[in-house]
Amino acid sequence: MKTIKIFTLFMFFLPAITGFSQFKNVLLPLPKGATYFYSQVEPSIYINPNDPAKIVAGSVMNDYYYSKDTGNSWHAKSMYSRFGVNGDPCLLVDQKGFYYYFHLSNLKGERLKGGIVCQRSRFLKGRFKRKTHTFINGKFHDKEWAVSNPINGDIYLTWTQFDAYDSSDPRDRSNILFSKSSNYGKAWSLPVVISKYSGDCKDDDDTAEGAVPAVGPNGEIYVAWARSEKIYFNKSLDAGSTWLPAEKEIGLQKNGWTLNVPGIYRCNGLPITACDISNSAYRGTIYVNWADQRNGEDDTDIWLKKSKDGGENWSAPIKVNSDQQKAQQFFTWMTVDQVTGLVYCVFYDRRNTKGNETNVYLAVSDNGGTSFKNYKISNSSFLPNPKIFFGDYTNISVHNGIIRPIWSRLDDTKISLLTAIINQSALLGISAE
Numbered sequence: 001m002k003t004i005k006i007f008t009l010f011m012f013f014l015p016a017i018t019g020f021s022q023f024k025n026v027l028l029p030l031p032k033g034a035t036y037f038y039s040q041v042e043p044s045i046y047i048n049p050n051d052p053a054k055i056v057a058g059s060v061m062n063d064y065y066y067s068k069d070t071g072n073s074w075h076a077k078s079m080y081s082r083f084g085v086n087g088d089p090c091l092l093v094d095q096k097g098f099y100y101y102f103h104l105s106n107l108k109g110e111r112l113k114g115g116i117v118c119q120r121s122r123f124l125k126g127r128f129k130r131k132t133h134t135f136i137n138g139k140f141h142d143k144e145w146a147v148s149n150p151i152n153g154d155i156y157l158t159w160t161q162f163d164a165y166d167s168s169d170p171r172d173r174s175n176i177l178f179s180k181s182s183n184y185g186k187a188w189s190l191p192v193v194i195s196k197y198s199g200d201c202k203d204d205d206d207t208a209e210g211a212v213p214a215v216g217p218n219g220e221i222y223v224a225w226a227r228s229e230k231i232y233f234n235k236s237l238d239a240g241s242t243w244l245p246a247e248k249e250i251g252l253q254k255n256g257w258t259l260n261v262p263g264i265y266r267c268n269g270l271p272i273t274a275c276d277i278s279n280s281a282y283r284g285t286i287y288v289n290w291a292d293q294r295n296g297e298d299d300t301d302i303w304l305k306k307s308k309d310g311g312e313n314w315s316a317p318i319k320v321n322s323d324q325q326k327a328q329q330f331f332t333w334m335t336v337d338q339v340t341g342l343v344y345c346v347f348y349d350r351r352n353t354k355g356n357e358t359n360v361y362l363a364v365s366d367n368g369g370t371s372f373k374n375y376k377i378s379n380s381s382f383l384p385n386p387k388i389f390f391g392d393y394t395n396i397s398v399h400n401g402i403i404r405p406i407w408s409r410l411d412d413t414k415i416s417l418l419t420a421i422i423n424q425s426a427l428l429g430i431s432a433e
């Protein structure tokens, strides 16, 4: 999350075009204490694997949500920290049932010189008593994401470090950092740089960013990121102590990190990494999912590559969205159901709409990412406002067939946050697009 300029608001409302979806959409309430104009963008959601009725979520700037009924109803509150809260929430629930809320810090009002904060709670309602700060070195730390190792309880965290955010000075560089906690978030290891090749600090195509970690069946750590219109990959086989001598290029990302999508304030192709650790036939498969414009700026698509041998070799790019016409699909997020091994992606989609009207789609693969079935899950489309910050991503959590995507909606100047009530068993009786 960065500092965003607030533009003059248009005092009119553009109604959404009604569409048809077979899935219940649920609106998450704005916390009463929310004061940030762009609240409810950049969401994160996580189903408690120990008790799937309990689900937590977060959004910019410091919003926290929880549900006790699998997402049918929600409570909301604001998050606070002595380190400050500066957005980019990442929600996580580990095997012990601890709830984690990661976010950027805003220490002493220095938004662009902060680090990463981990808040931990034993309780769904979010009594976050344990609050730890990973690292402060006077640089800007951005877009953190975390994953829990179910074997030993370690938490792995990756993010981008900017020497100086938005700097054009070639001496200022961006790198991918890694840190871990071996005591359930109480303390964090000194961060290490896992990208041999740095990027610039412009938050653009030549910046190194978008690192989302994944854990393998034996505790391997996998992570991919974007830089210079390519996707790079690194891994550790010893809980983060050592990494490959240099990251591997595993694919092209046409038009790079920054994608021009009409009607959207800004858009990126952030790559998502996941690994199947279920007992399915695809156990151990690594997946990397992203968006790019290899088919033209008027045809942004969602892509996936997979590796069955620990990242040594990768498949050709697999198109996730099933439409054949030129249409915009963007802001993808991917997860694997670690009970069934099915792969899920959620993204915005403009097939079958006019102009910049936007829907939300779910893509599902039951064959290890070889092909995907697509379903429209938003009840109606919306028309975004290009002058209003819309965040940088969606999110999704799945556990044993319980599917809970989360996305922001923008109707002129009004931002809202939604999930959909979807179960894999119900998808079996619905025709895919």
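For the sequence shown, my numbering gives the first residue as 1, with consecutive numbering after it. We put the CB at the ideal spot given by N, CA and C, even for glycine.
query                                                                                                                : result
Nearest-angstrom Cβ-Cβ length linking cysteine 201 and serine 228, presumed shorter than 8 Å                         : That belief does not hold up - the Cβ atoms of cysteine 201 and serine 228 are roughly 14 Å apart, past 8 Å.
From Asp411, Phe162, Gly185, Ile403, residue whose alpha carbon lies closest to that of glycine 263                  : Asp411
Contact check, asparagine 86 vs serine 105, beta carbons under 7 Å                                                   : yes
Expected contact under 8 Å - CB spacing of glycine 251 and lysine 305 to nearest Å                                   : 5 Å
Residues bridged to isoleucine 45 (per DSSP)                                                                         : Ala57
C-alpha distance - alanine 164 paired with leucine 428, whole-angstrom precision                                     : 50 Å
Under the three-state DSSP convention, the category leucine 259 falls into                                           : coil
Meets three-Cβ-pair contact criterion under 8 Å: the region 307-321 and the region 399-408                           : no
Contact between the region 25-39 and the region 51-71 (3+ Cβ pairs under 8 Å)                                        : yes
At least three beta-carbon pairs within less than 8 Å, the region 49-58 to the region 106-119                        : no
CA nearest to the CA of threonine 158, picked from Arg120, His141, Tyr46                                             : His141
Pairwise C-alpha distance: proline 217 and glycine 341                                                               : 12 Å
Burial state of arginine 404, where buried means 16 or more other Cβ atoms lie within 10 Å                           : buried
Other residues of its chain near glycine 210: CB distance less than 6 Å, five sequence neighbours each side excluded : Trp225, Ala226, Leu270, Pro271
Exposure of phenylalanine 247, with buried meaning 16 or more beta-carbon neighbours within 10 Å                     : What sits at residue 247 in the sequence shown is glutamate, not phenylalanine. Classification of glutamate 247: buried, given that the 10 Å Cβ count is 16 or more.
Buried or exposed by the 16-neighbour rule on C-beta atoms within 10 Å, applied to leucine 176                       : In the sequence as presented, leucine is not what sits at residue 176; that position holds isoleucine. With 16 or more other Cβ atoms within 10 Å, it is buried.
Beta-bridge pairing of phenylalanine 307 - partner residues as DSSP gives them                                       : It is serine, not phenylalanine, that sits at residue 307 in the sequence shown. Paired residues: Ile286.
Within 7 Å, strictly: CB atoms of histidine 75 and aspartate 88                                                      : no
Tyrosine 232 versus threonine 353: straight-line alpha-carbon distance, rounded                                      : 34 Å
Three-state secondary structure (DSSP) of lysine 24                                                                  : strand
Uninterrupted beta strand (DSSP E) stretches inside the region 58-105 (no shorter than 3 residues)                   : 63-67, 75-78, 90-93, 99-104
Enclosing beta strand (DSSP E) for glutamine 329 [first to last residue]                                             : 329-336
Where leucine 107 falls: helix, strand or coil (DSSP)                                                                : helix
Whole runs of the beta strand (DSSP E) within the region 334-396, excluding any shorter than 3 residues              : 343-349, 359-365, 373-376
Given proline 43 as reference, the closest of Gln161, Ile136, Ser416, Arg266 once Cα atoms are compared              : Ser416
Helix, strand or coil at leucine 252 [DSSP, three-state]                                                             : strand
Outcome for serine 425 when other beta-carbon atoms lying within 10 angstroms are tallied against a minimum of 16    : exposed
Counted within 10 angstroms of its Cβ, other Cβ atoms place proline 15 as buried (16 or more) or exposed             : With a pLDDT of 34 at proline 15, under the threshold of 50, the modelled position of this residue cannot be trusted; read the value that follows with caution. Classification of proline 15: exposed, given that the 10 Å Cβ count is below 16.
Span separating the alpha-carbon of aspartate 349 from that of valine 261                                            : 11 Å
Beta-carbon spacing of valine 459, isoleucine 396 below 7 Å                                                          : Absent from the model: residue 459. The displayed extent of the chain is 1 to 433, so no value can be given.
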